[in-house]
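**Q** For the record, the sequence lines run as chains D and Y. Numbering of the first sequence is given in our numbering, commencing with residue 36 and proceeding in unit increments. Numbering of the second sequence is given in our numbering, commencing with residue 398 and proceeding in unit increments. All residues carry an ideal CB built from backbone N, CA and C; glycine is no exception. Have a look at this one before I ask anything.
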Amino acid sequence: MAETALPKRKEMVATKTLKKIMADHFYELDEAAKSGYRKIAWCTSVGPAELLRGLGFLVYFPENHGALLGATRMASEMIPHANAIGYSPDICSYLTSDVGAFLQGKTPLTAAYGIKSVPRPDVLVFNTNQCRDVQDWFSWYGRELNVPVIGVHTHRDIGPIREYQVKDIASQIKDLVPKLEEVTGSALDMELLREAVSLSKRTSELWRACLEAASAVPSPWTFFDATIHMGPAVVARGTKAAVSYYEMLYEELKERINQGTAAIEGERHRLYWEGMPIWGKLRPLSEEFAALKTCVVASTYCNSWIFDQLDPAEPFESMALAYTELFIVRDEGYKERYIEECKRLFRFDGIIFHDAKTCPNNSNNRYGMPERIAEKLGIPTLTINGDLNDLRCYSEEQAKTNIEAFIEQLEGA
Amino acid sequence: MSDVFAGVDVGASRTKVALLAADKHLVGKSVMRSGTDFQSTAERCLDEALAEAGQKRSGIKSCVSTGYGRNNVSFRNDTVTEISCHARGCYHYFPVAMTVIDIGSQDNKVIRVDARGRRTSFKMNRKCAAGTGAFLEEMSMRLDIPLEDMDGLARNAVETVELGSYCTVFSGTEVLEKIRQGKAVADIVRGLFLSVIKRVLEMDILSDTVVMTGGVVAHNPFLVEMVKELTGKEVLVPQYPQFTGAVGAALFAIDI
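Pasting the structure below:
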């Protein structure tokens, strides 16, 4: 049943532009770090990036660097160095691999772009909507580099969003302004902020359209493709480059749909991926699913960079709302309804939950959700044990057997 | 001489071969240590099973391999995971809705099968040896008793020494502590059996009839009795529990 040859994958044309955008992003930061011509802010992945752009900062995202450490499989080598200074192997492996790499003076940017080190920050800005670990992560750098650490403390386990929650977050974001102005030495330009919010909104709309292209049968791309192509949505949101990129990507996906081009030739099954990617195993997993004629069509993870509520007319309030609407800070009921909606749109016939050892916030299998969803939606679920970056927590053979057995189950074995 | 259908289950510890006739009767079987050369072990195991069946390789109509080393069997026609094979093998012997518990050397599986033989769900143990055959092997070394003596010891125990930890290393330390406290080895072994059972029972709810398979069950029938007592459920065991996966693979071979 697993004796299928690996189908040929069709490379996305947009990949070339993607690589250029990512390279430009890092070169610009490197140049600014060396010359000091622009201030640099480090920002958590769903931190107030628009505000930082509005203040003229170049923005660097350590979580993106964490993902690069994972994807290049440097992470497992770096994590022990952070463990040795007291950062537990049980906490976020983005944090431990990033701190470990810094301690070792290593970065995947060297092999990829010839850049010697990550850009030195002038300020570190977090939003705990991802987790509390981001604050601890930035605090380590704050102490190490003697740089101010400021941030937004999110609400959690949110059902319906209440006005007080949005007001609170908006007020916290506003409170950042004077501290950031102190770093830049100039006042916030509201027009620049509105422009960044507007570009971010447009990026988000286009990113959503790209992701929803996978609702076509057969799907023109996979979750694994999307984890790569989401780069600009993370690091360049709020810029014109990101908007142009997703316009181009969306056109390519539409063309694929019109031509009936399938990401997985002979697509037999469609799955949803819930939880973090296993960065160091993207390729083997992608190939395994392809060999099983299975397309992982959608994921909560890639959807997490859709910010529908951004509105340049009300930048602070809309950022607050957009960052409070996030899946990760919502209650179980909301999350289940969300996945149910995704099932309606993407028509998948099974769900894979990734239980990431070091990322409890992004592992939604731990409180009975797979069982509840399986019963409610009438589709099977599978939980894979692994991790985003720490491959010591992942058994490739066990995962392979589980995935194969899951597909066999879908085929009636 | 009629054709036979081969199921080859290359497990982490043992390789099992089952040969079925076209009418699905078991006509040959063999088991040996998997070792490090899975291909060679599979061939030797196959030859032994063929000898038992009075068959030659030319008599094999088709072959399905399963288990961790399933892709190392060059003479296979197809591969199917051990999860599907155990479910299929159990349903062959007991065609009812069931929960299959397979305790292997490296992993445990709890598989649900409906009344029509379709698998509805499965769970494997998490990334930990707790509750597997490897746990019992490690403990037999700690206690310095042969693995094959454990069943008899557990059966004759007077009490059950409960172990609190599920980590194999921590359990080892706990066992040493119990020995220091003067607990009887037999009572400790029964406690180890209980530990294995607890790890399995916490994996999933047991619904319908329970069927137990795997090497640990084959060599430790008292463990099955303990499961019956603990759960109050009827527990069925196929005639050759260690071969259930291989039989399932051979049944898939018939479908080819």
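#1: Considering just the uninterrupted stretch of the alpha helix (DSSP H) at Y:V405, what are its terminal residues?
#2: I'd like to check one pair, Y:T610 with Y:I480: are the Cβ atoms closer than 9 Å?
#3: Beta carbon of D:I408, beta carbon of D:E375: below 9 Å?
#4: Could you tell me which residues DSSP puts in a beta bridge with D:L417?
#5: So D:I386 and D:Y307 are in contact, right, with Cβ under 8 Å, and what is the actual spacing, rounded?
#6: What residue from D:F137, D:L228 and D:E406 has the CA that sits closest to D:L90's CA?
#7: Strictly below 9 Å CB to CB, what residues from chain Y border D:N396?
#8: Quick one: which residues of the segment 478 to 495 of chain Y get their C-beta closer than 8 Å to a C-beta of chain D? List them in chain order.
#9: List the residues of chain Y whose Cβ lies closer than 8 Å to the Cβ of D:G447, in chain order.
#10: Report the rounded CA-to-CA distance for Y:F567 versus D:D133, giving the unit in angstroms.
#11: Which residues does DSSP pair with D:N162 in a beta bridge?
#12: Output the boundary residues of the beta strand (DSSP E) element that contains Y:T610.
#13: Under the DSSP definition of a beta bridge, which residues are partnered with D:I363?
#14: Which word fits D:S235, buried or exposed, when buried means at least 16 other C-beta atoms lie within 10 angstroms of its C-beta?
#15: Classify D:S128: buried if its beta carbon has 16 or more other beta carbons within 10 angstroms, exposed otherwise.
#16: Starting from D:W172 and walking both ways along the alpha helix (DSSP H), at which residues does that stretch end?
#17: Along the chain, where does the alpha helix (DSSP H) that runs through Y:G588 open and close?
#18: Please go through the same chain and pick out, in chain order, the residues whose beta-carbon is closer than 6 Å to the beta-carbon of Y:A409, but skip the five residues on each side of it.
#19: Excluding sequence positions up to five away, which residues of its chain have a Cβ less than 6 Å from the Cβ of D:T257?
#20: Leaving aside the five residues before and after D:L361 along the sequence, list all residues of the same chain whose C-beta is less than 8 Å from its C-beta, in chain order.
#21: Is D:Q444 close to chain Y, meaning its C-beta is less than 9 Å from at least one C-beta of that chain?
#22: Go to D:T329, then tell me how far its beta strand (DSSP E) extends in each direction, as first and last residue.
#23: In this structure, does DSSP put Y:M495 in helix, strand or coil?
#24: Go ahead and pull the three-state DSSP assignment for D:S132.
#25: Would D:C394 and D:A333 qualify as a contact pair, given that the criterion is a beta-carbon distance under 9 Å?
#26: So which residues on chain Y does D:P415 lean against when the C-beta distance must stay under 7 Å?
#27: Give the DSSP-derived three-state secondary structure of Y:I500 in the structure shown.
#28: Helix, strand or coil: how does DSSP classify Y:T565 here?
#29: Compare the Cα-Cα distances from Y:E556 to each of Y:E545, Y:D584 and Y:G530 and report the closest residue.
#30: Determine, using beta carbons only, whether Y:Y465 comes closer than 9 Å to chain D.
#31: Do the segment 504 to 514 of chain Y and the segment 433 to 446 of chain Y make contact, defined as three or more Cβ pairs closer than 8 Å?
#32: Tell me, which residues are paired with Y:M671 by DSSP?
#33: Looking at C-alpha atoms only, which residue of D:G266, D:M404 and D:A276 is the closest neighbour of D:A231?
#34: Going by other Cβ atoms of all chains shown within 10 Å of its Cβ, with 16 needed for buried, is D:G186 buried or exposed?
#35: Closest Cβ-Cβ distance between Y:M600 and chain D: below 9 Å?
**A** On the basis of the supplied data:
#1: As a first step, residue 405 of chain Y must be located in the second sequence, where it is residue number 8. Premise fails: Y:V405 lies in the beta strand (DSSP E), V401 to V407, not in any alpha helix (DSSP H).
#2: Walking along the second sequence from the start, residue 480 of chain Y turns up at place 83. Walking along the second sequence from the start, residue 610 of chain Y turns up at place 213. Result no, Cβ atoms of Y:I480 and Y:T610 do not sit closer than 9 Å.
#3: Position 373 of the first sequence, counted from the start, is the residue given in the question as residue 408 of chain D. Position 340 of the first sequence, counted from the start, is the residue given in the question as residue 375 of chain D. Against a cut-off of 9 Å, the Cβ pair of D:E375 and D:I408 comes out as a contact.
#4: Within the first sequence, numbered from 1, the residue matching residue 417 of chain D stands at position 382. Paired residues: D:I387.
#5: Here residue 386 of chain D refers to the residue found at position 351 when the first sequence is read from its first residue. Here residue 307 of chain D refers to the residue found at position 272 when the first sequence is read from its first residue. That belief holds up - the Cβ atoms of D:I386 and D:Y307 are roughly 5 Å apart, short of 8 Å.
#6: Here residue 90 of chain D refers to the residue found at position 55 of the first sequence. Checking every option, the nearest Cα to that of D:L90 belongs to D:L228.
#7: For the purposes of this step, residue 396 of chain D is taken as the residue at position 361 of the first sequence. Those within 9 Å of D:N396 in chain Y number zero; the least Cβ separation is about 19 Å.
#8: T478, E479, I480, S481, A484 and R485
#9: Here residue 447 of chain D is taken as the residue at index 412 of the first sequence, counted from 1. What D:G447 touches in chain Y: R515.
#10: Within the second sequence, numbered from 1, the residue matching residue 567 of chain Y stands at position 170. Within the first sequence, numbered from 1, the residue matching residue 133 of chain D stands at position 98. Straight-line Cα distance between these residues: approximately 31 Å.
#11: Here residue 162 of chain D is taken as the residue at index 127 of the first sequence, counted from 1. D:V187.
#12: Numbered from its first residue, the second sequence carries residue 610 of chain Y at position 213. Taken as a continuous stretch (DSSP letters only), the beta strand (DSSP E) holding Y:T610 covers T606 to T610.
#13: Here residue 363 of chain D is taken as the residue at index 328 of the first sequence, counted from 1. In the DSSP output, where bridge partners are listed per residue, D:I363 has none listed.
#14: Walking along the first sequence from the start, residue 235 of chain D turns up at place 200. With 16 or more Cβ atoms within 10 Å of its Cβ, D:S235 is classed as buried.
#15: Locating residue 128 of chain D in the first sequence gives position 93, counting from the first residue. D:S128 comes out buried.
#16: Taking the first sequence and counting its residues from 1, one reaches residue 172 of chain D at position 137. Run containing D:W172: D168 to L180, per the alpha helix (DSSP H) assignment.
#17: Working through the second sequence from its first residue, we reach residue 588 of chain Y at position 191. Counting along the chain, the alpha helix (DSSP H) containing Y:G588 begins and ends at V582 to L598.
#18: Within the second sequence, residue 409 of chain Y is the residue found at index 12, counting from 1. Hits under 6 Å: Y465, S502 and Q503.
#19: Along the first sequence, one-based indexing puts residue 257 of chain D at 222. If we look at D:T257 and ignore the five residues flanking it on each side, its Cβ neighbours are A298, C330 and V331.
#20: Sequence index remark: in the first sequence, residue 361 of chain D carries index 326 (1-based). For D:L361, where only same-chain residues beyond five positions count, the Cβ hits under 8 Å are V81, N164 and S339.
#21: On the first sequence, position 409 is the one that residue 444 of chain D refers to. At least one chain Y Cβ lies under 9 Å of D:Q444.
#22: Position 294 of the first sequence holds residue 329 of chain D. Residues T329 to S334.
#23: Walking along the second sequence from the start, residue 495 of chain Y turns up at place 98. Three-state DSSP puts Y:M495 in a strand.
#24: Position 97 of the first sequence, counting from 1, holds the residue named residue 132 of chain D. Looking at D:S132 - three-state DSSP - the assignment turns out to be helix.
#25: Your numbering for residue 394 of chain D matches position 359 in the first sequence. Your numbering for residue 333 of chain D matches position 298 in the first sequence. No, the Cβ-Cβ distance between D:C394 and D:A333 is not below 9 Å.
#26: Here residue 415 of chain D refers to the residue found at position 380 when the first sequence is read from its first residue. Residues of chain Y passing the Cβ test: S518.
#27: Your numbering for residue 500 of chain Y matches position 103 in the second sequence. If DSSP states are grouped into helix, strand and coil, Y:I500 belongs with the strands.
#28: To locate residue 565 of chain Y, count along the second sequence from 1; it is residue 168. DSSP places Y:T565 in helix when its eight states are reduced to three.
#29: By 1-based counting over the second sequence, the position of residue 556 of chain Y is 159. Of Y:E545, Y:D584 and Y:G530, the residue nearest in Cα terms is Y:D584.
#30: By 1-based counting over the second sequence, the position of residue 465 of chain Y is 68. At least one chain D Cβ lies under 9 Å of Y:Y465.
#31: no
#32: As displayed, chain Y neither begins before 398 nor continues past 653, which places residue 671 of chain Y out of reach and without an answer.
#33: Here residue 231 of chain D corresponds to residue number 196 of the first sequence, with the count starting at 1. The shortest Cα separation from D:A231 among D:G266, D:M404 and D:A276 belongs to D:A276.
#34: Taking the first sequence and counting its residues from 1, one reaches residue 186 of chain D at position 151. Its Cβ being crowded by 16 or more others within 10 Å, D:G186 is buried.
#35: Locating residue 600 of chain Y in the second sequence gives position 203, where the first residue counts as 1. Not closer than 9 Å to any Cβ of chain D, the Cβ of Y:M600 fails to qualify, so no.
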